[in-house]
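**Student:** Going line by line, the protein sequences match chains C and G. Everything in the first sequence is counted per my numbering, starting at 1 for the first residue and increasing by one. Everything in the second sequence is counted per my numbering, starting at 1001 for the first residue and increasing by one. Cβ coordinates follow ideal geometry from the N, Cα and C atoms, glycine included. Have a look at the structure that comes next, please.
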Amino acid sequence: MSTDSPIEIVDLRKEYGSFTAVNGLNLSIKKNSFTGLLGPNGAGKSTTLKILTHLIKATSGEAYLNGVDVTKDPKAALTNVGTVIETPEFYPYLTPRETMRYVGELIGMNKESIKTETEEILEKVKMTDWGDKRLGTFSKGMRQRIALGQALMNDPNIIILDEPTSGLDPRGMAEIREVLKNLRNDSNDLTIVMSSHILTEVQDLCDRIAMINHGTLLMDDDISAFVTSHGVKSVIAKTTEIPTAELIDRIGQLDYVRSAERLGNDVQIFIGDSNEERNRLFNDLAQMNAGIYSLAETDKLEETYLDLIKESA
Amino acid sequence: MVAKNELIKGMRGKKFLVSLAVILLVFVLITVIPYATGGTWSGKAASDILSSYLSYISMISLLIVALLSSVAIVSEFEERTALILFTRPIKRTTIFLGKLMACFAITALIMLVYYLLVTAMLAIFAGTIPWELIISLCFCLLYVFAASGIAFFISAFLKKSSVATIITLLGLLMVIPIVSTMIGGDTWYMLDTAGNTIITCVPEYVDSYNAIIYEWVEYMQKAIDYMNLSGDAEIMQVAAIMQGMVDSYMFGMMEPIATPDLLREAGILIAWGVSAYFIAWLKFIRREF
């Protein structure tokens, strides 16, 4: 296995009777990357991550963590891996410090390291003041921060996150994202893979995207390459009056504009993905004196995501 | 380390306190009721005291096993704690053994508390501790081991903790005893019969229990003979039905107890426990989240 890919999935399959959840998936996660695993419901994201974390068994194929096939030797493969799968629960009678100690003992850390790391991690996830309170009294957001904290025990070089903000309120989501951002910025040797349905979250946190649908890989690239690879982007032009057919025609006839159409009281304009074209559009619309007061790009990631899903359907 | 965590978890849980309260309540009731009905413990033989305190212990131990052990596996999946525990570099077998040891230790601790209290009663009122108490304790622990195996077995296959507890209770307290009764005869190989060694290891208890049965049979037989002398067809028909009840010891419900073969019954309890734990383990290591 490549040393540049701490996570490598080779021809992975998972079948539930006649339903194939993962269909010969091949994926390499680059070292030190923060990869967002995208795909619609039922695409096979969670199944893949659950195979990687030994919660379910693959029907066939291989899944390597730090060069060890988790389907053959899960104990060795998971030694240097932290996981947060969905929103896990804790034993309510334990405190965060006791939970960290338990996880540390499960990993095989010595008492001194457990103690030191527990304090560092509680600081990182901003739970130091709650370290001795029983987890049963915590909010979902607080428990998820502890979930993230326990994943950091023993300083893993791989972290696997499956929809870590799922079910949290906006404040809880923001707290988890902040911890993840800090983690990404502060660590030198850390590869993170995170599945999520929230595209803005992926855009905010990840530097790479792997997209799967029907259990197979559609695309695996840098996030910037991902959003530009499809070329055409749309811009919404807001007008002071309802746009006329004539105005839409005039915009559509501009040589660099792919097409233009009315979208409610606005005009949606499809152009190439270059700053030059955006600049030309801005100037041309100003010269048309058509009452346009705002130009806004639509969400590129969402568009590309939907395009890819549509193509793979 | 799994066992240590499970012990902490178990002993901080409400079910542990409830179990402890149940066992103390049973002890207090058995102690107080003789005084409330004008009796006393003073002057009673050690075997009588022992019989009184051990009569209900097999049923109570099953209740505690159902409360504490039936959720051991299913709760990890239902409460999603498995998402933390199973993704760690630790074998499922280690987790299973840790849970088994912790559940057994907690239940055994509760039973030990009860036996210590009984020991105190014997020391105070009889001035002696019969060796049957130690034998009974050993069988109680073996019974807890075997019944916990059944609870683990049920827990490994179900998705809801509450359902696992109810099925464990029904299985241990109703289904197995009903099957034993339906089979009839000396069902030494059944879990409940082997478990009854907790009390049947006291010879005086077996003797006094059987004496009551034989006395009942004797009176019933006298009544039947008297009815048959009447010559009335209807009365003789009723007498025939009663004869059937006497001959079958009330359809197996009032059979005299045989003095148990201690080694055989211990082996039976171990066999029940090991078989149940083995199937539960097989299911547990294959169970997916």
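For Arg-1080 of chain G versus Tyr-93 of chain C, is the C-beta spacing smaller than 8 Å?
**Tutor:** For Arg-1080 of chain G and Tyr-93 of chain C, no; Cβs fall outside 8 Å.
**Student:** Go ahead and pull the three-state DSSP assignment for Phe-34 of chain C.
**Tutor:** Strand.
**Student:** Cβ atoms of Ala-237 of chain C and Ile-198 of chain C: under 8 Å apart, would you say?
**Tutor:** No, Cβ-Cβ distance for Ile-198 of chain C and Ala-237 of chain C is not below 8 Å.
**Student:** Tell me, to the nearest whole angstrom, how far the beta carbon of Leu-52 of chain C is from that of Lys-45 of chain C; I am working on the premise that it is less than 8 Å.
**Tutor:** Contact flag wrong, Cβ pair sits at about 11 Å.
**Student:** Under 8 Å between the Cβ atoms of Leu-1100 of chain G and Tyr-1115 of chain G?
**Tutor:** No, these two residues do not count as a Cβ contact at 8 Å.
**Student:** Going by DSSP in three states, Thr-20 of chain C sits in which element: helix, strand or coil?
**Tutor:** It is a strand residue.
**Student:** Quick test of your reading: Tyr-1277 of chain G and Ile-1198 of chain G, contact by CB under 8 Å. State the CB separation rounded to the nearest angstrom.
**Tutor:** 20 Å between Cβ atoms; not a contact.
**Student:** Given a cut-off of 8 Å on the beta-carbon distance, is the pair Ser-139 of chain C and Glu-163 of chain C in contact?
**Tutor:** For Ser-139 of chain C and Glu-163 of chain C, no; Cβs fall outside 8 Å.
**Student:** At least one CB of chain C closer than 8 Å to the CB of Lys-1091 of chain G: is that the case?
**Tutor:** Chain C contact via Cβ: present.
**Student:** Compare the C-beta of Pro-88 of chain C against all C-beta atoms of chain G and say whether one is closer than 8 Å.
**Tutor:** Chain G, which has a Cβ nearer than 8 Å to the Cβ of Pro-88 of chain C, makes this yes.
**Student:** Hey, is Gln-150 of chain C's beta-carbon within less than 8 Å of any beta-carbon in chain G?
**Tutor:** Interface residue, yes.
**Student:** Quick one: what's got a C-beta closer than 6 Å to Gly-1184 of chain G's C-beta in the same chain, skipping five residues either side?
**Tutor:** Taken in chain order, the residues that qualify are Gly-1252.
**Student:** Does DSSP put Thr-216 of chain C in a helix, a strand or coil?
**Tutor:** Correct three-state label for Thr-216 of chain C: strand.
**Student:** I'd like to check one pair, Met-153 of chain C with Gly-82 of chain C: are the Cβ atoms closer than 8 Å?
**Tutor:** In contact: Gly-82 of chain C and Met-153 of chain C (Cβ atoms closer than 8 Å).
**Student:** Around the C-beta of Ser-274 of chain C, are 16 or more other C-beta atoms found within 10 angstroms, so that it is buried, or is it exposed?
**Tutor:** Ser-274 of chain C should be labelled exposed.
**Student:** What does Thr-79 of chain C touch in chain G if you count any residue whose Cβ is under 9 Å from its own?
**Tutor:** By Cβ distance, chain G contributes Pro-1089.
**Student:** Measuring alpha carbon to alpha carbon, tell me which residue in C:Asp-169, C:Ile-159, C:Ser-166 is nearest Arg-184 of chain C.
**Tutor:** If we check each option's Cα against that of Arg-184 of chain C, C:Ile-159 comes out closest.
**Student:** Comparing alpha-carbon positions, which option in C:Thr-48, C:Thr-200, C:Glu-246, C:Ile-192 lies nearest Ile-212 of chain C?
**Tutor:** It is C:Thr-48 whose Cα lies nearest to the Cα of Ile-212 of chain C.
**Student:** Taking a contact to mean a Cβ-Cβ separation below 8 Å, would you say Trp-1216 of chain G touches Met-1190 of chain G in this structure?
**Tutor:** Not in contact: Trp-1216 of chain G and Met-1190 of chain G (Cβ atoms no closer than 8 Å).
**Student:** Quick check on the DSSP output: what are the complete alpha helix (DSSP H) runs of length 4 or more inside the stretch 1053 to 1080 of chain G, in order along the chain?
**Tutor:** Entirely contained in the stretch 1053 to 1080 of chain G, the alpha helix (DSSP H) runs reaching 4 residues are, in chain order, 1057 to 1069, 1074 to 1078.
**Student:** Can a CB atom of chain C be found closer than 8 Å to the CB of Ile-1106 of chain G?
**Tutor:** For Ile-1106 of chain G, the answer is no, since every Cβ of chain C falls outside 8 Å of its Cβ.
**Student:** Is any beta-carbon of chain G found at less than 8 Å from that of Ile-107 of chain C?
**Tutor:** So yes, Ile-107 of chain C belongs to the interface.
**Student:** Less than 8 Å separating the beta-carbons of Val-1202 of chain G and Leu-1054 of chain G?
**Tutor:** The answer is yes: Cβ separation under 8 Å.
**Student:** For a contact meaning CB atoms closer than 8 Å, what does Lys-75 of chain C contact in chain G?
**Tutor:** Simply Pro-1089, Ile-1090, Lys-1091.
**Student:** Considering only their Cβ atoms, is the gap separating Ala-1066 of chain G from Ala-1151 of chain G smaller than 8 Å?
**Tutor:** Result yes, Cβ atoms of Ala-1151 of chain G and Ala-1066 of chain G sit closer than 8 Å.
**Student:** Consider the Cβ of Leu-199 of chain C: report whether some Cβ of chain G lies at a distance smaller than 8 Å.
**Tutor:** No, because no Cβ of chain G sits closer than 8 Å to the Cβ of Leu-199 of chain C.
**Student:** Give the residues of chain G in contact with Tyr-47 of chain C, contact being defined as C-beta atoms less than 8 Å apart.
**Tutor:** It is Thr, not Tyr, that sits at residue 47 of chain C in the sequence shown. In chain order: nothing, as chain G lies at least about 10 Å away.
**Student:** Assign Asn-279 of chain C to one of two classes, buried (16 or more other C-beta atoms within 10 Å of its C-beta) or exposed (fewer than that).
**Tutor:** The residue in question, Asn-279 of chain C, is exposed, as its Cβ has fewer than 16 Cβ neighbours within 10 Å.
**Student:** Determine the contact status of Leu-78 of chain C and Leu-65 of chain C, defining contact as a CB-CB distance below 8 Å.
**Tutor:** Taking 8 Å as the Cβ cut-off, Leu-78 of chain C and Leu-65 of chain C qualify as a contacting pair.
**Student:** Let me know if Met-109 of chain C comes out buried or exposed under the rule of 16 or more other beta-carbons within 10 Å of its beta-carbon.
**Tutor:** By the 10 Å Cβ count, Met-109 of chain C comes out buried.
**Student:** For the alpha helix (DSSP H) that Asp-1207 of chain G lies in, which residues bound it at each end?
**Tutor:** Its alpha helix (DSSP H) spans residues 1203 to 1229.
**Student:** Since Gln-268 of chain C sits in a beta bridge, which residues does DSSP pair it with?
**Tutor:** DSSP lists C:Ile-236, C:Glu-261 as partners of Gln-268 of chain C.
**Student:** Since Val-193 of chain C is in the alpha helix (DSSP H), which residue starts that stretch and which ends it?
**Tutor:** Unbroken run through Val-193 of chain C is the beta strand (DSSP E), 191 to 195; no alpha helix (DSSP H).
**Student:** Bridge partners for Leu-135 of chain C per DSSP, in chain order?
**Tutor:** Bridge partners of Leu-135 of chain C: none, in fact.
**Student:** Any beta carbon of chain C sitting closer than 8 Å to that of Lys-1044 of chain G?
**Tutor:** No, Lys-1044 of chain G does not count as interfacial toward chain C.
**Student:** Give me the residue from C:Ile-176, C:Pro-40, C:Lys-111, C:Tyr-256 with the minimum Cα distance to Ala-21 of chain C.
**Tutor:** Here the closest residue by C-alpha is C:Pro-40.
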